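Engineer: Numbering (full-length UniProt numbering), first residue to last: 1 to 65. Just so it is clear, CB atoms sit at the ideal spot from N, CA and C, and this is done for glycine as well. Predicted model, so just to flag it, every value in this text is computed and none were measured. Structure in structure tokens, see below.
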């Protein structure tokens, strides 16, 4: 299989779930292969980060006091 970006042969191509391309390990980075799904990835990351920052335990435990 050849990398969709650099055209080098890759014995273990990596599938990008954002643009559906197959890339070598050097070109898999979304910025490197100028992925069309980069903005979607950034939005997903931001949403996940916001969820983590909002997290508050519902129960208080003795060891947390």
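So, do the segment 6-13 and the segment 22-32 have three or more beta carbon pairs nearer to each other than 8 Å?
Structural biologist: Yes, the segment 6-13 is in contact with the segment 22-32.
Engineer: Is it right to say residue 28 is buried, meaning 16 or more other beta carbons lie within 10 angstroms of its own, or is it exposed?
Structural biologist: One-based indexing of the chain shown puts residue 28 at position 28. It is buried - the Cβ of residue 28 has at least 16 other Cβ atoms within 10 Å.
Engineer: Start and end of the alpha helix (DSSP H) containing residue 43?
Structural biologist: In the chain shown, counting from the first residue as 1, residue 43 sits at position 43. Note, residue 43: alpha helix (DSSP H), 38-54.
Engineer: Grab me the residues of residue 31's own chain with a C-beta within less than 8 Å of its C-beta, minus the 5 sequence neighbours each way, in chain order.
Structural biologist: In the chain shown, counting from the first residue as 1, residue 31 sits at position 31. Taken in chain order, the residues that qualify are 38.
Engineer: Under a Cβ-count criterion, where at least 16 other Cβ atoms within 10 Å of its own Cβ denotes burial, should residue 6 be classed as buried or exposed?
Structural biologist: On the chain shown, position 6 is the one that residue 6 refers to. Its Cβ having fewer than 16 others within 10 Å, residue 6 is exposed.
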